[in-house]
Structures are given as C-alpha cells and as structure tokens.
Amino acid sequence: RESIAMAAIKLHGYPQSTCTTNVLASLYEKEADYEFVTVDLRTGAHKQPAFLALNPLGQIPVIQDGDLTLFESRAIIKYLAKKFEGKGSNLWGSTLREQALVEQWSQVEAQSYNPAVTAIIVQAVFAPMMGGKTDEGIVQSNVEKLDK
2 RESIAMAAIK LHGYPQSTCT TNVLASLYEK EADYEFVTVD LRTGAHKQPA
52 FLALNPLGQI PVIQDGDLTL FESRAIIKYL AKKFEGKGSN LWGSTLREQA
102 LVEQWSQVEA QSYNPAVTAI IVQAVFAPMM GGKTDEGIVQ SNVEKLDK
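Residue numbers for the sequence shown follow our numbering, so the first one is 2 and each next one is one higher.
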C-alpha cells in the first residue's frame, strides 16, 4: 500500500528495524496510504539536524501526519488504530476490556520481549553491519531472558 503521491502519512524509518516494521505492519493492517522515507542508520542519518528536528532523541520510527509529528512505535501504532478506526483490522479493541488486554500485552512486549530482542539484533545484525563484532555474551544472556 506504499504510496508516493501525496500520502497523508509519512513514515520515517529503517526497513530492518523491528520498531519500523511494527508500524509498517499496522499501516498495512489499517489499509492506510503512506510514504516511506528511509533513514539510513548506517550513515548516521538519524543523528543529523534534519532528523533530530523530527525526533530529538534521534530514534526511528517517526510519522508525520499533517502538522503532527509523532515518534515511539507504540504511540504511533495506537494513533493509527484510532485514526483509522473502522478501517482494516481492529488493532485496539472495541470494548474497555479488549483495550485493556491490548495495552497489557503491549506493555509485556515493551518491557520484557523488546529489550532482549533489540539487544540480540543490535549485536547480531547492526554491530557487524557497522564494522564491529558481535558480542556473543550479550546475545546469549538475552536469549536466556527470552527462554524464561
């Protein structure tokens, strides 16, 4: 559904980023038109003034929707779920109970799953991509966290 012509939403991210792909999956599920802008982490584009003007933390993803600039993938996904309510998949739930359960599992993902997976990906994928070496100790300790 990626659209180049005058998309309402512009998503800034890196295709191999799990946070970016989570937002991409949400856009797909909501059948939303968007424009994807690659922020090349390998060249440090996320630390350049133009990108820091969008997110002072220098992290991806970021969306722009009209005059709204929003970062943090879970906040973006929640925004998309509400903005496109009634279109595509129901990502947020219809009742208070459903929404509470979505929020609960979102927090589990944020606090338990994502930190370990991110550490593994940084070591196994991004460190070698940037010319560094994988720290197998970090990988193993985070695999063990996921096994619990």
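Note that beta-carbon positions come from the ideal geometry of N, C-alpha and C, so glycine has one too.
| Item | Value |
| --- | --- |
| Cβ distance (whole Å) where Gly1 is taken to contact Lys31 below 8 Å | Lying outside 2 to 149, the shown extent of the chain, residue 1 is not represented and no answer is given. |
| Cβ contact check for the region 56-72 and the region 96-106: 3 or more pairs under 8 Å | no |
| Sheet register partners of Phe37 (DSSP bridge) | Leu12 |
| For Gln105: DSSP bridge partner residues | Answer is none; Gln105 lacks a bridge partner. |
| Per-residue burial, Ser95 [other beta carbons within 10 Å of its own, 16 or more giving buried] | exposed |
| Simplified DSSP state of Asp68, which is helix, strand or coil | coil |
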